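Asker: The following block contains the structure, expressed as structure tokens.
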DNA sequence: ATGGAGAATACTGTATGCAATCATCCCTCG
DNA sequence: CGAGGGATGATTGCATACAGTATTCTCCAT
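Protein chains in written order, with my numbering: chain A, 1 to 230; chain B, 1001 to 1230.
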């Protein structure tokens, strides 16, 4: 059977690796792309069978998914896909703005020419995806760029915390990736320039405005959708 | 055998409750109070026996301990108590400063008179502990106060993220709690006043300076210890 | 004596089985 | 006809057993 109708079915995970990690990635993927819908009850046995593993790796993956905010784990009831609210999303974006701004400051202080070159590569990847109009690729490139800036800040705590926030932002960001893309990537370019100049304060300020623009754009988009659906 | 000499031995966990939670709390306690030393290899079977449970709850607790930053979990090798570095501590404090500052701003916007009254209660608890010279109680009161400010900000994402950073700061904070206490708690009082006045900008600025003072104090203390031990 | 190969050991990773708990549905009683 | 209580099925929580892998110790060769 090449594909069954139910969207949650998946082929077995590649064996030679920590299964819990593979399961974790598979489940996040399924949540992001909508195979697992918000509020849905995740039954361990079902997931285990569809992924071709036992319940144990599933349980461990679910625990990590909870701390990452993907699922809510209610004792003696099991896991439920997290239902995001617009309020929570605004909070996520505001915290992200804070952390990324701090991160940009540090990146500008520590970046080497080699690091900057890598940033320009990622920027190019993003522009290509933007030209192709591939929302999925745009979001991915965006995440890759921001992640790399985070690492350049040489702050392990930040690098640990930001992904927790950022991946969830990615989820919400998908629908607005294309319309927001053009401005976003030109802002990226200016941020990279500031980092290349080792101008920490300018990089910080540009990142602050960049994340603020994204937040504003998202809120407007939400409002528009709300009106449209009314 | 009522007690074995090894410091890691503990009585069984109270049964009627999620065991993984109880194990998690027991292990954090042991790490904080030094029963489990930094770098130490945590063997699942040993912990399981000493806590009177099977390996399963231990494993789940260790996973959570990893995401909280208490242990490092190396694949196929097991769990090791995290060894903090002064560099990492500085990063933790800087991130904490960022988050707490943002939190203070939100708290001043949303606080009700009842909330403010509660803050003054916590402040009083801290002053009492300070007068008694009980470092443990000081740290606890400090954490309680900051936690409550976080909740007042009405930002669920912040409230979720800050404890992850804050608990680890608490760990490092213990040795400097007493000498830092006097200034810290008078700064707290001014922050509470700003929150009571609903002056978000002032609260934010006061919190920024407060966390900055704490960071500076910590760094000086570390330097002093380094000189002393040299 | 020292370096390396191989085997023994110990530990983690995974699977399976059992008991406790929660949700649901049906039956009975008011 | 509606509400409450109990039985049944499903699902989680925990424990045990097995397999794979990294580490360490020993023994042999150089």
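By construction, the Cβ of each residue, glycine as well, lies at the ideal position given by its N, Cα and C atoms.
Since we're looking at a predicted model, the values are computed, not measured.
Please list, in chain order, all residues of the same chain as residue 36/A whose beta carbon is under 6 Å from its beta carbon, the five residues on each side excluded.
Answerer: Looking up residue 36/A in the first chain gives position 36. 30, 81.
Asker: Buried or exposed: where does residue 278/A fall if 16 or more other Cβ atoms within 10 Å of its Cβ makes it buried?
Answerer: Because chain A is modelled from 1 through 230, residue 278/A falls outside the range shown and cannot be assessed.
Asker: Against chain B, does residue 109/A count as a neighbour if the rule is that its beta carbon must be under 8 Å from one of theirs?
Answerer: In the first chain, residue 109/A corresponds to position 109, counting from 1. Taking Cβ atoms only, chain B never reaches closer than 8 Å to residue 109/A, which makes this a no.
Asker: Alpha carbon to alpha carbon, how far is residue 1177/B from residue 1143/B? Give it in angstroms, no decimals.
Answerer: Counting from 1 along the second chain, the entry for residue 1143/B is found at position 143. Counting from 1 along the second chain, the entry for residue 1177/B is found at position 177. Each residue's alpha carbon lies about 11 Å from the other.
Asker: For the segment 17–51 of chain A, list every residue whose C-beta sits within 7 Å of some C-beta in chain B, in sequence order.
Answerer: Those would be 18, in chain order.
Asker: Tell me the start and end of each unbroken beta strand (DSSP E) in the segment 34–104 of chain A that is at least 3 residues and wholly inside, in chain order.
Answerer: If we require 3 residues or more, the beta strand (DSSP E) runs fully inside the segment 34–104 of chain A come out as 71–74, 78–81.
Asker: Looking at the structure shown, is residue 229/A part of a helix, part of a strand, or coil, going by DSSP?
Answerer: Locating residue 229/A in the first chain gives position 229, where the first residue counts as 1. Note: residue 229/A maps to helix in three-state DSSP.
Asker: Looking at the unbroken alpha helix (DSSP H) that takes in residue 1180/B, where does it start and where does it end?
Answerer: Taking the second chain and counting its residues from 1, one reaches residue 1180/B at position 180. Its alpha helix (DSSP H) spans residues 1177–1196.
Asker: Nearest-angstrom Cα distance between residue 171/A and residue 32/A?
Answerer: In the first chain, counting from the first residue as 1, residue 171/A sits at position 171. In the first chain, counting from the first residue as 1, residue 32/A sits at position 32. Using only the alpha carbons, I get a separation of about 6 Å.
Asker: Relative to chain A, which residues along the segment 1137–1167 of chain B have a C-beta separation below 8 Å, given in chain order?
Answerer: If the cut-off is 8 Å between Cβ atoms, the segment 1137–1167 of chain B has 1155, 1156, 1157, 1158, 1160, 1161, 1164, 1165 near chain A.
Asker: Do residue 1159/B and residue 1150/B have their CB atoms nearer than 8 Å?
Answerer: Working through the second chain from its first residue, we reach residue 1159/B at position 159. Working through the second chain from its first residue, we reach residue 1150/B at position 150. Result yes, Cβ atoms of residue 1159/B and residue 1150/B sit closer than 8 Å.
Asker: For residue 99/A, which residues from the same chain have a beta carbon less than 7 Å from its beta carbon, with the 5 sequence-adjacent residues on both sides left out?
Answerer: For this step, residue 99/A is matched to residue 99 along the first chain. So the list reads 158, 161, 162, 165, once near-sequence residues are dropped.
Asker: With a cut-off of 8 Å, does the C-beta of residue 205/A fall near any C-beta of chain B?
Answerer: Along the first chain, read from residue 1 onward, the residue named residue 205/A stands at position 205. Judged by the 8 Å Cβ criterion, residue 205/A is not in contact with chain B.
Asker: In terms of residues, what are the limits of the alpha helix (DSSP H) holding residue 28/A?
Answerer: Within the first chain, the letter at position 28 stands for residue 28/A. Run containing residue 28/A: 19–32, per the alpha helix (DSSP H) assignment.
Asker: Give the secondary structure of residue 111/A by DSSP, where H, G and I count as helix, E and B as strand, and everything else as coil.
Answerer: Numbered from 1 along the first chain, position 111 holds the residue referred to as residue 111/A. Residue 111/A: coil per DSSP, three-state reduction.
Asker: Using the Cα positions of residue 155/A and residue 1091/B, report the straight-line distance between them to the nearest angstrom.
Answerer: The residue labelled residue 155/A in the question sits at position 155 within the first chain. The residue labelled residue 1091/B in the question sits at position 91 within the second chain. Using only the alpha carbons, I get a separation of about 6 Å.
Asker: Is the shortest distance between the beta-carbon of residue 1065/B and the beta-carbons of chain A less than 8 Å?
Answerer: Residue numbering aside, residue 1065/B sits at position 65 when the second chain is read from its first letter. Answer no: the Cβ-Cβ gap between residue 1065/B and chain A never drops below 8 Å.
Asker: List the endpoints of the continuous alpha helix (DSSP H) containing residue 166/A.
Answerer: Position 166 of the first chain, counting from 1, holds the residue named residue 166/A. Element bounds for residue 166/A: 156–173.
Asker: Give the C-beta separation of residue 1110/B and residue 1152/B to the nearest angstrom, bearing in mind that I take them to be a contact with Cβ-Cβ under 8 Å.
Answerer: On the second chain, residue 1110/B is found 110 positions in, with the first residue counted as 1. On the second chain, residue 1152/B is found 152 positions in, with the first residue counted as 1. With 8 Å as the limit, residue 1110/B and residue 1152/B qualify as a contact, their Cβ atoms being about 6 Å apart.
Asker: Since residue 1185/B and residue 1127/B should fall inside the 8 Å C-beta cutoff, what is the C-beta to C-beta distance between them, to a whole number of angstroms?
Answerer: Working through the second chain from its first residue, we reach residue 1185/B at position 185. Working through the second chain from its first residue, we reach residue 1127/B at position 127. Contact flag correct, Cβ pair sits at about 6 Å.
Asker: If contacts are defined as beta-carbon pairs under 8 Å, then residue 1051/B and residue 1023/B qualify, I think. What distance do you get, rounded to the angstrom?
Answerer: Taking the second chain and counting its residues from 1, one reaches residue 1051/B at position 51. Taking the second chain and counting its residues from 1, one reaches residue 1023/B at position 23. So it is a contact: roughly 6 Å between Cβ atoms.
Asker: Answer with buried or exposed for residue 1224/B, where buried requires no fewer than 16 other C-beta atoms within 10 angstroms of its C-beta.
Answerer: As a first step, residue 1224/B must be located in the second chain, where it is residue number 224. By the neighbour-count rule (16 or more Cβ atoms within 10 Å), residue 1224/B is not buried but exposed.
Asker: Can you confirm whether residue 75/A, when its beta carbon is compared against all beta carbons of chain B, has any partner nearer than 8 Å?
Answerer: Along the first chain, one-based indexing puts residue 75/A at 75. Residue 75/A counts as touching chain B.
Asker: Thinking C-beta only, is residue 203/A closer than 8 Å to residue 107/A?
Answerer: For this step, residue 107/A is matched to residue 107 along the first chain. For this step, residue 203/A is matched to residue 203 along the first chain. Taking 8 Å as the Cβ cut-off, residue 107/A and residue 203/A qualify as a contacting pair.
Asker: Taking the alpha-carbon positions, what's the residue 1008/B to residue 1045/B distance?
Answerer: Translated into positions along the second chain, residue 1008/B becomes position 8. Translated into positions along the second chain, residue 1045/B becomes position 45. Legend: pLDDT at residue 1008/B = 33, less than 50; position of this residue unreliable, no value from coordinates given.
Asker: In three-state DSSP terms, what is residue 1216/B?
Answerer: Within the second chain, the letter at position 216 stands for residue 1216/B. Residue 1216/B falls in the helix class under three-state DSSP.
Asker: Whose Cβ in chain B lies nearer than 8 Å to the Cβ of residue 95/A?
Answerer: Locating residue 95/A in the first chain gives position 95, where the first residue counts as 1. Under the 8 Å cutoff, chain B gives 1099, 1102, 1155, 1157, 1158, 1161.
Asker: Please look up how many angstroms separate the CB atoms of residue 1189/B and residue 1123/B, rounded, as I've assumed it's under 8 Å.
Answerer: Sequence index remark: in the second chain, residue 1189/B carries index 189 (1-based). Sequence index remark: in the second chain, residue 1123/B carries index 123 (1-based). That belief holds up - the Cβ atoms of residue 1189/B and residue 1123/B are roughly 6 Å apart, short of 8 Å.
Asker: Taking CB distances under 8 Å as the criterion, tell me whether residue 1092/B reaches chain A.
Answerer: Here residue 1092/B refers to the residue found at position 92 of the second chain. It does: the Cβ of residue 1092/B has a partner Cβ on chain A nearer than 8 Å.
Asker: Considering Cα atoms alone, identify which of 137/A, 53/A, 41/A is closest to residue 18/A.
Answerer: As a position in the first chain, residue 18/A is number 18, starting the count at 1. That would be 53/A, whose Cα lies nearest to the Cα of residue 18/A.
Asker: Less than 8 Å between the beta carbons of residue 78/A and residue 47/A, yes or no?
Answerer: The residue given as residue 78/A occupies position 78 in the first chain. The residue given as residue 47/A occupies position 47 in the first chain. No.
Asker: Is residue 1133/B helix, strand or coil by DSSP?
Answerer: Looking up residue 1133/B in the second chain gives position 133. Of the three classes helix, strand and coil, the one that applies to residue 1133/B here is coil, per DSSP.
Asker: Distance cutoff 8 Å, beta carbons only. Does residue 1014/B sit that close to anything in chain A?
Answerer: Taking the first residue of the second chain as position 1, residue 1014/B is located at position 14. For residue 1014/B, the predicted structure reports a pLDDT of 38, less than 50, and the residue's modelled location is therefore unreliable. A value from the coordinates is still provided. With 8 Å as the cut-off, residue 1014/B does not count as an interface residue toward chain A.
Asker: Going by other Cβ atoms of all chains shown within 10 Å of its Cβ, with 16 needed for buried, is residue 102/A buried or exposed?
Answerer: The residue given as residue 102/A occupies position 102 in the first chain. It counts as buried.
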